[in-house]
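Take the position in the sequence shown, starting the count at 1, then add 14; the result is the number in the numbering used here.
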Amino acid sequence: MTRFIRNHVDDTPIVDNVFAVVDLAKKAKAQLGEAAVVDATIGALYDESGQLVAFRSVYRPYNEIESKIKANYAESFSGNPDFRKQVYNWVVQQADMRLAHSTIATPGGSGAVSTTINNILDQGETLIIPDIAWGSYRLMATMNNMDVETYNLFEGDHFNIASFKEVCKSVMDKQKKVLVIINDPCHNPTGYSLSQEEWEEVVMFLNEIGEQGPVVMLNDIAYIDYSYDFKNSRNYLETFNAISDNVAIVVAFSSSKTLTAYGLRCGAAVIMAQSDESVRQIEIVMEKSARAIWSNIPNAAMENLVYVTTEGLNDYLEEKDYFVSLLEERSKIFLKEAKEVGLKHYPYKEGFFVTLKIEDKDLCTKLHEACMKEHIYTVQVNKGIRIALCSLSIEKTKGLAKRIKEIFDTLS
15 MTRFIRNHVD DTPIVDNVFA VVDLAKKAKA QLGEAAVVDA TIGALYDESG QLVAFRSVYR
75 PYNEIESKIK ANYAESFSGN PDFRKQVYNW VVQQADMRLA HSTIATPGGS GAVSTTINNI
135 LDQGETLIIP DIAWGSYRLM ATMNNMDVET YNLFEGDHFN IASFKEVCKS VMDKQKKVLV
195 IINDPCHNPT GYSLSQEEWE EVVMFLNEIG EQGPVVMLND IAYIDYSYDF KNSRNYLETF
255 NAISDNVAIV VAFSSSKTLT AYGLRCGAAV IMAQSDESVR QIEIVMEKSA RAIWSNIPNA
315 AMENLVYVTT EGLNDYLEEK DYFVSLLEER SKIFLKEAKE VGLKHYPYKE GFFVTLKIED
375 KDLCTKLHEA CMKEHIYTVQ VNKGIRIALC SLSIEKTKGL AKRIKEIFDT LS
């Protein structure tokens, strides 16, 4: 058969397990009714009545934006200047940052992740990610003929700094460059957030291996605005001030997540380094990629982010804080009941998801399938099963850990 695509590309058909299970859950709800189904698959915020949350504080001003502004191109393929400035302000908040920086608008946080991977690594080089992670990190790398190495995310109940160091050192020795991803705070899919001390050790180590070659750390903060301690959620960023001249940081921000605007793709890559020259080096290739790949970010989405996080801030925070409190209540219920029945999970601190700890792949698959037979729909990830607390009502959260543990016990 004639081959029309490039020779060096993985042409295996994509199988997105998340959307496949979401579809099964939808069909079950249509057949059995909402009350009979526990749908813990969806990585978006839902209210207590099972409806997708769309903040009034976001969509009221968005709907008031003039049609011509919505229809118009952005001022630049790098993003509107006021958007770029305000994203940086929003990302750092009260953190005392002293690094050179710049911001590039992207289609969602995923656009920021993708453009970083594509512009930092060459084909054949290696991206470093956690062993428990958002699956698209790996896909983004392999679609560009890059290899992937994983570090163990946890050692007991804390970040596995030893594994992180070992893998980064190995990759640096091999290719004299490191690009490593840390998804924090509110890690997807475990809900872990590194401590200040853990971050300090990470930065010290990056400086150490930076003596051998350039190091870029990609900090994916997609869920940061759902931290249970929002006021102090940016404090860890101050550890970045200590990076050496051989280390750069790209922070991947998701306006889509922050504003409950999952389908209105808007985000940004915030580049940080010790010198303006280092920032500009990365900025130039990201600007060119933006022009070459997506060309423009929705003008009104950028306008709205600026409004909501400035003039509309009080309304937004009041509404968001209500749902964050609701999310925290759901997590407390699940974690308490999981502890009571002995259902093991990875260390959780905050965020949309908690992940059950099942390192045996076959057992994990059996539990996932057995739960679906009981109309409990979850997402199987590496070394575990993800429970989307963000999409469950308090009523459906109650008793869920016990039901899963009972199913699990039938398998062993």
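The beta-carbon is built from N, C-alpha and C at its ideal position, and this holds for glycine as well. Just so it is clear, the structure is predicted and the values come from calculations on it, not from any experiment.
Query: Closest Cα partner of M436 within the set A176, K84, V265 and I19; Result: The structure shown does not extend to residue 436, since the chain spans only 15 to 426, so no value can be given for it.
Query: Integer Cβ distance of I238 from T120, believed to fall under 8 Å; Result: Going by Cβ atoms, the distance from I238 to T120 rounds to 16 Å, so no, they are not a contact pair.
Query: Same chain, Cβ closer than 7 Å to C385, five either side skipped, listed in chain order; Result: T392, I418 and I421
Query: CB of E325 within 8 Å of CB of I79, strictly; Result: no
Query: Buried versus exposed call for K302 [16 or more other C-beta atoms within 10 Å across all chains shown]; Result: exposed
Query: Residue of I118, F178, D171 and A304 minimising C-alpha distance to L141; Result: F178
Query: Rounded straight-line distance, which links the Cα of D243 to that of V105; Result: 15 Å
Query: Identity of the residues DSSP links to Y362 by a beta bridge; Result: Answer is none; Y362 lacks a bridge partner.
Query: 8 Å contact criterion, which M300 and T129 should meet: CB distance rounded; Result: 5 Å
Query: The region 189-204 touching the region 146-164, judged by at least three CB pairs closer than 8 Å; Result: yes
Query: C-beta contact flag for G57 and G281 at 8 Å; Result: no
Query: Residue interval of the beta strand (DSSP E) (run including L370); Result: F367 to K371
Query: Close-in-space but distant-in-sequence residues of the same chain around Q210 (CB under 8 Å, 5 per side omitted); Result: N249, Y250 and T253
Query: Contact check, K190 vs Q226, beta carbons under 8 Å; Result: yes
Query: Ordered list of alpha helix (DSSP H) runs contained in the region 120-145, each at least 4 residues; Result: 122-134
Query: K358 versus S309, V23 and K416, residue with shortest Cα-Cα distance; Result: K416
Query: Boundaries of the beta strand (DSSP E) in which L46 is found, first to last residue; Result: It is not in any beta strand (DSSP E) - L46 instead sits in the alpha helix (DSSP H) that spans N31 to L46.
Query: Contact belief for Y151 with I195 at Cβ below 8 Å, rounded distance in angstroms; Result: 6 Å
Query: From N260, E333, I347 and V67, residue whose alpha carbon lies closest to that of L193; Result: N260
Query: Candidates D198, I235 and M186, of which the one nearest N221 by Cα; Result: M186
Query: Per DSSP, cross-strand counterpart(s) of Y60; Result: L66
Query: Buried versus exposed, by CB contacts within 10 Å (16 or more), Y336; Result: exposed
Query: Residues that T164 bridges to, as DSSP identifies them; Result: I143
Query: C-alpha distance - K82 paired with P75, whole-angstrom precision; Result: 15 Å
Query: Sub-8 Å separation of V29 and A39 beta-carbons; Result: no
Query: Start-to-end residues for the beta strand (DSSP E) that takes in L232; Result: V229 to D234
Query: For Y76: DSSP bridge partner residues; Result: For Y76, which the question treats as bridged, DSSP gives no partner whatsoever.
Query: Straight-line Cα distance separating D96 from E89; Result: 10 Å
Query: Bounding residues of the beta strand (DSSP E) (the contiguous stretch that carries A266); Result: V261 to S268
Query: Beta carbon of L340 nearer than 8 Å to that of A315; Result: no
Query: Bridge partner(s) assigned by DSSP for G398; Result: K371 and V395
Query: 6 Å CB neighbourhood of A256 in its chain, flanking five on each side removed; Result: V217
Query: Helix, strand or coil at F18 according to DSSP, with G and I counted as helix; Result: coil
Query: G93 vs I118 beta-carbon contact at 8 Å; Result: yes
Query: V186, enclosing alpha helix (DSSP H) - first and last residue; Result: The residue asked about is misnamed: residue 186 is Met in this sequence, not Val. First-last of the alpha helix (DSSP H) with M186: I175 to Q189.
Query: Member of L414, K387 and K412 whose CA lies at the smallest distance from the CA of L46; Result: K387
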